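Visitor: Next up is a structure, given as structure tokens.
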Amino acid sequence: MKNTKKILLLGLASSLGICTILGGCNGSSEKDKVVIYSNADDEAITAMKHALDNNGFKDQYILQSFGTSELGGKLLAEGSNIEADLVTMSTFYLESAQEQNKMFKDLDFDVQTLDTYPAYCAPITAQEGAVIINTEMMKENQLPAPASIKDLANPEYKDMVSVTDINSSSTAWLLIQALVSEYGEEGAKEVLKGIYKNAGDHIEDSGSAPLKKVRAGEAAIGFGLRHQAAADKESGLPVDYIDPAEGNFSLTESAAVLDKGTKSKEAAMEMAECIMDNAREELLAAYPIPLYEGETEATADKSGNPKIFSEPLTVDLLKRHQELSDSCKPE
Amino acid sequence: MKQKNKEIKVIFAFLTLLFAVFLAIPMVRLLFKSFVGDSGISLESYLSVFASRGFGKALGNSFLVASVSALTTTAIAFLLAYTIHYTNVPGRAKSLIQGAALLPMLLPTITYGFSIIYSFGKQGLLTRLFGRQLFDIYGFNGLLLGYVIYTLPISFLLINNTMGYIDKKYMIVSRIMGDNGLSAFMMTIIRPLMGTLAASFIQSFFLCFTDFGIPASVGGKFQVIAGVLYDEMLGSVPDFHNGAVVAMVMLIPSVASILVLQYLERYNVRYSKISVIELHKNRARDWVCGILSTLVITGVLSVFAVIFVVPFVSEWPYDIRFTLEHVTAVFADDALFGVCKNSLFTAAATAVFGTLAAYGAALVTARSTVNKKLKNVIEGIALITNTIPGMVIGLAFLFSFSGTAVQNTFFIIIVCNVIHFFSTPYLMMKNSLAKMNASWETTAMLMGDNWIKTILRVVTPNAVSTILEVFSYYFVNAMVTISAVIFIAGARTMVITTKIKELQYYNKYNEIFVLSLLILFTNLAAKSLFQYLANRKQKTAASKSRAVKTAQ
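Chains A and B, in that order, are what the protein sequence lines are. Numbered per my numbering, the first sequence finishes at 339, counting up by one with no gaps. Numbered per my numbering, the second sequence finishes at 561, counting up by one with no gaps.
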């Protein structure tokens, strides 16, 4: 009797103890922290963390990563009910979310951007697409190097290609924008069909996945972000990149502060400013495209063929291109 | 008697309130949402979902892969259970088989997918050992393998348990009657097992049909319904109404399968007396079953072996020097370490409150004289929680609690887990309480104890081992679940499984495997602790009853 009681009490007490200890750590101070939602890749996350940590915001924020589509979905669906106080996200998504939900505040600091941006957001990175290859796999399988995105549809690359799915990653959009501007929608479909056939199961959800697949030798050729491939090449991995004949298209990611009325956190705006002021240098090292006045890029880093899509980028255009892409997937 | 039921009624009221607010209302709102279009109440969303390219295909795929997996699992589980009960393979091998069959329970399903990729993928561990890729892992094959591993424990538990209740004497009878081997096998083993085999099939089907973790990792372009639901809700262009429709469609086979299970319950054969007999010697049988079972468990273990390899080498597969840097990196990363604390906290709190809820509910149905209608309400709740897939509960919570004070809190995750896993713990508690002498409360009351004292002093001590079992069930399940929490975890309330989904986006497999190992070891530790406590309790009880006997 005594024993069982002891066991039970001990169990209950210890589990409640664990609850309070762990709960305690996550208690009130946690509530005051600024929640940052971001779709950014590792390098950008690290740069932003460094900027915040070195400028007095250490331990005052929680940075939560998401895939682009997940965060996009959350922004559109939850509006200002969203948990985040500050988001960094593909600029076109922020624009569509603002249009639909009026959820962001105008920034209260000045930014000297090269292009014009809406008052509620400021760019943090620009990313370009490129064809990437695993040089060892190419040699091993005696494959010729592709010169364009269209080439990825060639039958000789069967089961060797890895691309991303535009339904979940905006990197795929860079590929589709390139195809649509070069060959028109119908022409783009033809090419996409061939690429999807070659990719088989390697139609990935994340923008960095094709590079990872290429790096791991699961695929020989991929379409991904140029700067990431460049970094891999630099570090001595058997990876190289090719600026495709259709052009290097790019997307920017921006930061925006949520407007939650009286529940808005002052610190969120300060952190946004801090990121703009202090993260750019490190960001520019990883994403070598100038966004602000006074920034330059090394000629070695310059992509061979930068281009911009003729229509403004919106979620509606994305949806149209998603449907185009879906119609090309094999049954 | 009046006095006794007052407390019971308080418990009952509390439980109904809990399930009304956190189960009935969210589910009704979900149902409502699926029928509301842009222009008022309509079937618009249903039409748009059914007309959409790929939905029918995904539904068909789900049915196909879930049934094939359920069939395979049931066959394998039968083989393992048969080896344990009907062959003379060494006892140690038998306990090894049992352990390996139950191991997958302790890991989240999303981990299985990644271990499959790293075992059978182009650069996988096993691919390298064999020198070539054994089969294509993305799509049907990968899902099948993942689902079979996922459902093996539950299927094995069911069949193994029933086999323990089959009287082997009938085998001798059958033999004496001159049956040949096959018909003896059919009559004395398969026939009495029929209900359980069907139950195993249905239970496995249900789990496969509603799981999200495995398709998230190895689904490839083979779309299943869980993936469609996720995309509708958290895809780039979300549609809540369509999401609600998909959830409703997912619910139908789930409800059907649980109803069939309820029906099959009646056909369960229970022999009242189990006689221990010596199995006749048959070396061929022992060898064949032994070897086949060994193959199966080697298969299961080898899929998981990779979890112990990849995080401990520098850069799989190019640089395979041993290193602890990935492990230390996880512990050095405040965010990841915080997630581990969150998981532990959530699991512990779920276990405490879940056990209280299950115990309270079981007291109402098994140890009270309240109106049958009230008891039926509790039974109904248990049945309903059993039929609703985790993803559907998560989604219903997302709809109902977005923008309220409980959004993105631990509270909501804990309540969700308590409700999601309520059914099994409740049944375990009820069975245990129902076995106890019905007159204890009355006797105690006559002796002047009040109801609460009786429950604490008499009923609870006798139920300790079941309480511990329930506690451990809730704890382990809360550690490994992803399907519901994926929709309701926030930045402050990330648990390990949702973090793994996030890490997947960045293909950070080292971290994924380190976190998976953490889950595994936590669960192993928790299970052994509760097992130890339960055993100790039983031992003290046994030694006491011996002491009483000697005294007499």
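The beta-carbon is built from N, C-alpha and C at its ideal position, and this holds for glycine as well. None of these values were measured; they are calculated from a predicted model.
Start and end of the alpha helix (DSSP H) containing F480 of chain B?
Guide: Looking at the DSSP string, the run of the alpha helix (DSSP H) that includes F480 of chain B is 473-489.
Visitor: Once you ignore the five residues that flank G32 of chain A on each side, which residues in its own chain have a CB closer than 6 Å to its CB?
Guide: With a pLDDT of only 47 at G32 of chain A, under the threshold of 50, the placement of this residue in the model should not be trusted; the figure read from the coordinates follows. Nothing meets the Cβ criterion.
Visitor: P262 of chain B CB to nearest chain A CB: under 8 Å?
Guide: Judged by the 8 Å Cβ criterion, P262 of chain B is not in contact with chain A.
Visitor: Report the residue from B:A235, B:E16, B:K18, B:P201 whose alpha carbon sits nearest the alpha carbon of M400 of chain B.
Guide: Here the closest residue by C-alpha is B:A235.
Visitor: Should K273 of chain A be labelled buried (16 or more other beta-carbon atoms within 10 Å of its own) or exposed?
Guide: With 16 or more other Cβ atoms within 10 Å, it is buried.
Visitor: Can you tell me whether M168 of chain A is buried or exposed, with buried defined as 16 or more other CB within 10 angstroms of its CB?
Guide: The residue is buried, with at least 16 neighbouring Cβ atoms inside 10 Å.
Visitor: Starting from the beta carbon of L291 of chain A, find every residue of chain B whose beta carbon is closer than 7 Å, and list them in chain order.
Guide: Correct list: empty, because the minimum Cβ distance to chain B is about 17 Å.
Visitor: Should the segment 367-380 of chain B be called in touch with the segment 20-27 of chain B, which here means at least 3 C-beta pairs below 8 Å?
Guide: The answer is yes - the segment 20-27 of chain B touches the segment 367-380 of chain B, with three or more Cβ pairs under 8 Å.
Visitor: In chain B, which residues lie less than 7 Å from V323 of chain A when you measure between Cβ atoms?
Guide: By Cβ distance, chain B contributes V246.
Visitor: Output yes if chain A places a C-beta closer than 8 Å to the C-beta of Y541 of chain B; else output no.
Guide: No, its Cβ sits nowhere closer than 8 Å to a Cβ of chain A.
Visitor: For G363 of chain B and D334 of chain A, what's the separation of their Cα atoms in angstroms?
Guide: If I take the Cα positions, the gap works out to 44 Å.
Visitor: In the DSSP assignment, find the beta strand (DSSP E) that holds G229 of chain A and state where it starts and stops.
Guide: The amino acid occupying residue 229 of chain A in the given sequence is Ile; Gly does not appear at that position. Element bounds for I229 of chain A: 229-233.
Visitor: Spell out whether any CB of chain A is found under 8 Å from the CB atom of L243 of chain B.
Guide: Closer than 8 Å to some Cβ of chain A, the Cβ of L243 of chain B qualifies, so yes.
Visitor: With DSSP as the reference, label E261 of chain A as helix, strand or coil.
Guide: Strand at E261 of chain A.
Visitor: Does the count of Cβ pairs from the segment 157-176 of chain B and the segment 76-84 of chain B closer than 8 Å reach three?
Guide: As far as the Cβ criterion goes, the segment 157-176 of chain B touches the segment 76-84 of chain B, which means the pair count is three or higher.
Visitor: With a CB to CB cut of under 6 Å and the five nearest residues on each side skipped, what residues in its chain are close to G499 of chain B?
Guide: Here the set comprises N417.
Visitor: Residues of chain A with a CB under 7 Å from the CB of G412 of chain B: which are they?
Guide: N89, listed in chain order.
Visitor: Pick helix, strand or coil for E136 of chain A, following the three-state DSSP scheme.
Guide: In this structure, E136 of chain A counts as strand in the three-state DSSP scheme.
Visitor: F112 of chain A bridges to which residues according to DSSP?
Guide: Paired residue(s): A:L266.
Visitor: Between D3 of chain B and chain A, is any beta-carbon pair separated by less than 8 Å?
Guide: It is not possible to answer for residue 3 of chain B, since the shown part of chain B is limited to 10 through 561.
Visitor: By Cβ distance below 6 Å, which residues in the same chain neighbour S492 of chain B in space, the five residues on each side in sequence not counted?
Guide: So the list reads F221, G399, M400, once near-sequence residues are dropped.
Visitor: If I follow the unbroken alpha helix (DSSP H) through T96 of chain A, where does it start and stop?
Guide: Unbroken run through T96 of chain A is the beta strand (DSSP E), 94-98; no alpha helix (DSSP H).
Visitor: Using three-state DSSP, classify L71 of chain A as helix, strand or coil.
Guide: Note: L71 of chain A maps to strand in three-state DSSP.
Visitor: Identify the contact partners of F31 of chain B in chain A, using a Cβ-Cβ distance below 8 Å as the criterion.
Guide: What F31 of chain B touches in chain A: nothing, since even the nearest Cβ is about 19 Å away.
Visitor: Which word fits N385 of chain B, buried or exposed, when buried means at least 16 other C-beta atoms lie within 10 angstroms of its C-beta?
Guide: Classification for N385 of chain B: exposed.
Visitor: Whose Cβ in chain A lies nearer than 7 Å to the Cβ of K131 of chain B?
Guide: Per Cβ cutoff of 7 Å: G225, E226.
Visitor: Smallest Cα separation from A134 of chain A: which of A:P320, A:Y295, A:G255, A:K41?
Guide: Residue A:Y295 is the option with its Cα nearest to A134 of chain A.
Visitor: Express the C-alpha separation of L542 of chain B and L436 of chain B in angstroms, rounding to a whole number.
Guide: Taking the straight line joining both Cα atoms gives about 21 Å.
Visitor: Is DSSP giving K315 of chain A helix, strand or coil here?
Guide: In this structure, K315 of chain A counts as strand in the three-state DSSP scheme.
Visitor: Does the count of Cβ pairs from the segment 135-148 of chain A and the segment 218-231 of chain A closer than 8 Å reach three?
Guide: Result yes; three or more Cβ-Cβ pairs closer than 8 Å.
Visitor: Please classify F59 of chain B as buried or exposed, where buried requires at least 16 neighbouring CB atoms within 10 angstroms.
Guide: Counting Cβ neighbours within 10 Å, F59 of chain B comes out exposed, since fewer than 16 surround it.
Visitor: Name the residue from A:S214, A:A263, A:E289 whose alpha carbon lies nearest to the alpha carbon of Y45 of chain A.
Guide: Ranking the options by Cα distance to Y45 of chain A, first place goes to A:A263.
Visitor: Expressed to the nearest angstrom, what Euclidean distance is found between the alpha-carbon atoms of G35 of chain A and I497 of chain B?
Guide: At G35 of chain A, the pLDDT of 45 sits below 50, so the modelled position is not reliable and the matter cannot be decided from this model.
Visitor: According to DSSP, is L542 of chain B part of a helix, a strand, or is it coil?
Guide: If DSSP states are grouped into helix, strand and coil, L542 of chain B belongs with the helices.
Visitor: Given that F221 of chain B touches chain A, what residues does it touch there, using C-beta distances under 9 Å?
Guide: Residues of chain A passing the Cβ test: none, with the nearest at roughly 14 Å.
Visitor: Compute the Euclidean distance between the alpha carbons of K337 of chain A and A86 of chain B, then round it to the nearest angstrom.
Guide: Rounded to the nearest angstrom, the two C-alpha atoms are 38 Å apart.
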